[in-house]
Structures are given as structure tokens and as C-alpha cells.
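Using full-length UniProt numbering, you'd call the opening residue of the sequence shown number 1 and step up by one each time.
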Amino acid sequence: MSSGARNSYTAEFKLKAVDYAVENGTGQASLHFGSIAGDTKMAKDQEKLRKCDRYKRAFRGSPPKWPALEEELSGCIIEENEEEKLQP
Numbered sequence: 001m002s003s004g005a006r007n008s009y010t011a012e013f014k015l016k017a018v019d020y021a022v023e024n025g026t027g028q029a030s031l032h033f034g035s036i037a038g039d040t041k042m043a044k045d046q047e048k049l050r051k052c053d054r055y056k057r058a059f060r061g062s063p064p065k066w067p068a069l070e071e072e073l074s075g076c077i078i079e080e081n082e083e084e085k086l087q088p
């Protein structure tokens with residue numbers, strides 16, 4: 001396992017690498033952009049990359065399974081915190 005630092009790339013950079021790979025092939029793209037251009041997962045997420053903020057670096061987490069429950073819970077937590085602040 002490598003002890004070197006990990007790199008983080010913006011969506012804009014990833015799209016440039018994918019577009020270059022489509023035009024010139026993954027081998028040339030890997031030489032031009034580094035090993036990131038040969039990443040097949042990045043090519044699959046191309047639409048996702050185009051829709052997101054161009055400065056976003058990663059897609060972390062998954063959407064909630066029960067968004068209504070999550071909203072209700074967050075509302076309850078906020079109310080409790082406000083009540084605690086009001087008490088002396």
C-alpha cells in the first residue's frame with residue numbers, strides 16, 4: 001500500500017479528462033492527465049458529473065431512504081435545541 005498523499009480532483013477536471021479520453025483514447029488521456037483518465041467509473045458517472053457543481057470533488061453518501069422521516073427528526077432536534085437555549 002502506498003504511503004503517498006491521495007489526490008482529489010474537481011468535477012470540471014474529471015470531465016476534461018473523460019472528454020479527452022473519448023477523443024484520443026484512454027492511453028493518451030492517462031499520459032496527459034495521469035492515471036485518473038483511465039478510470040472507467042468516472043466515464044460511467046459522466047452525466048452525474050455534468051449535472052453537479054463543477055467544483056465538487058466527490059459523491060459521498062447516499063440519498064436518505066425515508067426523507068420525510070429525516071425532515072421530521074431534524075425538526076424535532078432543532079426544536080429541542082431551541083428549548084434548551086431558552087431555559088436558564
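Virtual Cβ for every residue (Gly too), placed ideally from N, Cα, C.
Here the structure is a predicted model, which is why all the values come from computation and not from measurement.
Item                                                                                                         : Value
DSSP-derived helix/strand/coil call for Lys56                                                                : coil
Whole-number beta carbon distance between Ala11 and Leu49, since they are thought to touch under 8 angstroms : 5 angstroms
Distance between Pro63 and Phe13 (C-alpha atoms, nearest Å)                                                  : 25 angstroms
Uninterrupted beta strand (DSSP E) stretches inside the region 25-49 (no shorter than 3 residues)            : none
Buried or exposed (CB count within 10 angstroms, at least 16 for buried), Ala5                               : exposed
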